[in-house]
Amino acid sequence: MAKHIYIILVLCTILFISCNKKQKTEYQKKEIDKVLDLIKKNQGDIVIKTFQFDSIAQNHFNITELKKAFLASRLAFKKNESIIAYFYPENNKQLNGAAIPVNNVHDNTFLVIEPTGFQVIEELLFTEEIDTLEIKRNIKSLHTLSKALDNKFNYFTFTETNFFEAIRLQILRIISLGVSGFDSPIAFYSLQEAKNALKGIREFVDIYALPKHKEPLSNVFNDALNFIDNTKDFNSFDRYTFIKVHCKSISELLYDIQKSNNIKNSNLRRAIDFEKANFNETNLFNPLHFSPPRTKAPSKEQIALGEKLFFDKILSGNGLVSCATCHIPSEGYADHKKTVFNQEKLTVNRNTPTLLTAAYQNAYFLDSRIPFLEDQSKKVINNKDEMHGSFDEAVKRLEENQKYKTLFTTNFENQDTEKNLIYSLASYIRSLPSFSSKFDASLRNESTLTANEINGFNLFMGKAKCAICHFYPIFNGSVPPLYQETESEVIGVPTKKDTINAKIDPDLGVHYVFGAPLKKFAFKTPTVRNASKTMPYMHNGVYNTLDEVIDFYNRGGGAGIGIELENQTLPTDHLKLTKQEIKDIISFITSLEDNIPEYNTKETNL
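Here the UniProt record's numbering is used: the first residue of the sequence shown is 1, the next is one more, and so on.
Written out as structure tokens, the structure reads:
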């Protein structure tokens with residue numbers, strides 16, 4: 001009898017667990033369906049708003065009404081931006097990419113791909129010279145693109161993991177591309193759009209919010225929206241507090257809602273570590289995202305080997321220089337020279353870039369010629385003007401050196417010296433200090449910025465337009481929040497200091513590598529982190545101080561000092577920064593200095 005009762009209890013327990021699992025599965029499916037319904041509703045609103053926008057343009061063209069319809073369409077787009085930008089990045093670029101034509105580098109004729117979407121229309125609408133035909137054509141195109149995307153959502157499937165990645169990344173997108181004015185550089189609708197982007201996130205995540213989340217969800221979003229509402233205008237917006245307080249609170253709540261629903265993060269390699277609750281935490285970025293596929297995390301011993309190689313002259317053809325000859329730790333891993341000179345006193349023509357935060361890029365060298373740090377090491381060792389050398393000869397010397405032979409044998413399973421050499425060097429560079437500055441510490445409440453430093457950051461992110469090229473938080477040209485590309489810009493750098501009749505520096509930059517006409521005089525956007533340590537500035541070292549650099553930008557780049565370039569990508573408008581504002585920006589940049597430990601920087605021959 002007892003045995004029968006036991007069996008019945010076991011069967012009941014199994015049935016109970018099975019029913020619970022079934023209910024949970026149905027519950028989750030229901031949530032996914034709700035999310036999909038909301039995505040389709042939002043996309044339908046975009047189609048409706050762009051249709052109304054197009055109707056005004058085609059039927060009763062009126063600039064005032066068109067500007068209102070433009071904003072209405074933009075606000076509708078922002079509600080679904082998190083989904084569009086994550087799942088359909090190419091469509092997102094068509095709808096809201098920068099208003100800059102590009103060459104198709106995969107086409108022998110370098111076919112010019114003209115920009116489309118909101119930013120193009122913004123330039124056409126918010127100007128004194130109205131081109132009616134172009135406005136009509138681009139608005140019609142916008143509506144067509146919106147409808148095409150609407151059709152894609154009819155066949156759209158997604159996982160909850162990807163969904164939470166998308167909405168969490170939207171917070172970083174709002175910070176880096178939204179409130180910086182990146183995608184509304186003329187109309188300055190950025191703050192209104194940030195509000196709608198936040199509302200979109202709130203509506204999405206509310207579907208997954210448990211009862212314990214309802215009140216906090218209402219509070220953190222309302223606080224953020226009210227904070228934006230209490231701002232007088234774009235220039236006066238306190239981005240520092242918005243990021244440190246409000247975006248942090250929202251990010252942490254999204255993370256908690258995800259975890260409370262037992263939704264795991266992806267095992268795939270990402271630029272961002274989604275196990276971090278907010279974007280201010282240490283070790284947020286994964287340097288392996290920017291590495292060759294299947295690259296493994298290095299051991300401490302492999303990094304130490306890379307450090308030995310970095311300071312050893314054995315890699316140079318003449319035995320006189322090492323990597324540290326030009327990348328000096330005490331000088332921000334740069335060398336304070338205008339351009340590099342080799343041992344024969346011949347110039348290498350370009351300024352030495354810092355290696356600090358070099359890990360977080362998709363392109364290397366100032367002309368973006370290669371995609372990975374591993375390739376960079378090989379190129380430098382092979383360059384007769386830099387390390388006088390031959391990579392093959394350097395490998396041979398290492399294989400003949402008993403101490404290095406032992407180190408490679410001990411620390412690597414395979415005995416491919418070439419691969420192990422470039423892996424070790426790249427691993428060491430990726431291990432260099434990053435995000436350890438006073439600024440970063442202040443976001444984690446571990447330090448306090450001065451009023452001038454905070455104002456400098458707000459200027460950098462707003463009025464001064466620095467952050468539309470030097471993207472928060474790496475402050476280089478790596479485009480957030482997916483970090484799939486690192487941009488280069490044409491800014492019009494002069495051959496020498498001249499504010500009236502300057503001449504363009506003849507170095508063609510990226511054009512040398514790819515041959516694209518629109519990339520003439522383009523150079524990769526470097527990081528501003530540690531810039532206070534890495535003078536002089538620009539690819540040719542033309543400016544000695546940050547004050548001179550900001551003055552150049554304040555005038556509108558090359559266009560403001562007499563250089564006429566049809567392909568300048570830097571905005572040409574005068575920024576009208578005051579002397580005090582420039583000082584504050586420099587104070588902020590100085591707060592980006594990483595804590596670099598003292599190294600035994602003596603170059604060696606092991």
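Note that beta-carbon positions come from the ideal geometry of N, C-alpha and C, so glycine has one too.
Beta-carbon spacing of residue i, residue j below 9 Å
i	j	result
Pro597	Leu169	no
Asp183	Glu193	yes
Thr410	Glu399	no
Ile175	Thr357	no
Ile56	Phe126	no
Lys496	Ile563	no
His539	Val493	yes
Ser587	Arg529	no
Leu95	Leu149	yes
Leu366	Arg350	yes
Ser82	Phe234	no
Gln376	Ala426	yes
Leu71	Tyr189	yes
Leu309	Tyr428	yes
Phe164	Ile32	no
Ile589	Leu546	yes
Tyr360	Pro371	no
Pro287	Arg430	yes
Simplified DSSP assignment, three categories, for residue i
i	result
residue 621	What is shown of the chain runs 1 to 606, which leaves residue 621 out entirely.
Ile370	strand
Phe412	coil
Tyr543	strand
Glu344	Annotation note: pLDDT 46 at Glu344 (below 50); position unreliable, no value reported.
Tyr483	coil
Ile500	coil
Ile328	strand
residue 613	The chain is shown from 1 up to 606; residue 613 falls before or after that span and cannot be answered.
Gly562	coil
Thr50	helix
Lys384	coil
Lys583	helix
Tyr404	helix
Thr590	helix
Leu577	coil
Ser424	helix
Pro597	coil
Arg444	coil
Gly462	coil
residue 607	The shown model of the chain, from 1 to 606, leaves out residue 607, and the question about it has no answer.
Same chain only: Cβ atoms within 8 Å of residue i, ignoring 5 sequence neighbours per side
i	result
Ser249	Val220, Asp223 and Ala224
Pro517	Asn103, Phe110, His511 and Asn567
His143	Val47, Thr50, Phe51, Phe53 and Asp54
Cys469	Gly477, Glu487, Glu489, Thr525 and Leu570
Leu38	Glu203, Phe204 and Ile207
Asn162	Tyr86, Phe87 and Ser266
Phe118	Phe70, Ser73, Arg74, Phe77, Leu95, Asn96, Leu142 and Asp183
DSSP beta-bridge partners of residue i
i	result
Glu252	DSSP, once it has assigned bridges, lists no residue as partnering Glu252.
Ala522	Val490 and Gly509
Tyr364	Ile370
Ser478	Thr486
Phe471	Asn476
residue 685	The chain is shown from 1 up to 606; residue 685 falls before or after that span and cannot be answered.
Ile272	Phe285
Ala334	Ile328
Proximal residues to residue i (C-beta, below 6 Å), its chain only, five neighbours per side dropped
i	result
Thr25	Bear in mind that a pLDDT of 48 at Thr25, under 50, signals an unreliable position, so the number given afterwards is only what the model happens to contain. Cβ within range, chain order: n/a, list empty.
Thr420	Sequence inspection shows Asn at residue 420; the Thr mentioned does not correspond to that position. Hits under 6 Å: Phe408 and Phe412.
Ile243	Ile175
Val513	Asp367 and Arg369
Asn554	Leu575 and Leu577
Asn261	Tyr208
Lys276	Leu284
Asp439	The sequence as given places Phe at residue 439; Asp does not occur at that position. Taken in chain order, the residues that qualify are Ser591 and Leu592.
Glu160	Ile263
Sequence-distant residues of the same chain with beta carbon closer than 7 Å to residue i, five excluded per side
i	result
Asp573	Gly556
Pro115	Gly97, Ala98, Ala99, Ile100 and Pro101
Val549	Tyr537 and Tyr543
Leu124	Asp131, Glu134, Ile135 and Asn138
residue 609	Residue 609 is absent from the structure shown; the chain starts at 1 and stops at 606.
Asn455	Asp584
Distance cut-off 8 Å: residue i Cβ against heavy atoms of the ligand NAP
i	result
Ser434	Ligands in the displayed structure: none, and consequently the ligand NAP is not present.
**Residue ranges of each alpha helix (DSSP H) within the region 79-161, 4 or longer** = Scanning the region 79-161 from its first residue to its last, the whole alpha helix (DSSP H) runs of 4-plus residues come out as 89-96, 118-125 and 132-152.
**Item:** 4 or more residues per run - each alpha helix (DSSP H) lying fully within the region 278-322
**Value:** Listed in chain order, they are 300-310.
**Request:** Just list the alpha helix (DSSP H) runs in the region 195-257, keeping only unbroken ones of 4 residues or longer that don't cross its boundaries, in chain order.
**Result:** With a minimum length of 4 residues, the continuous alpha helix (DSSP H) runs that stay inside the region 195-257 are 211-229.
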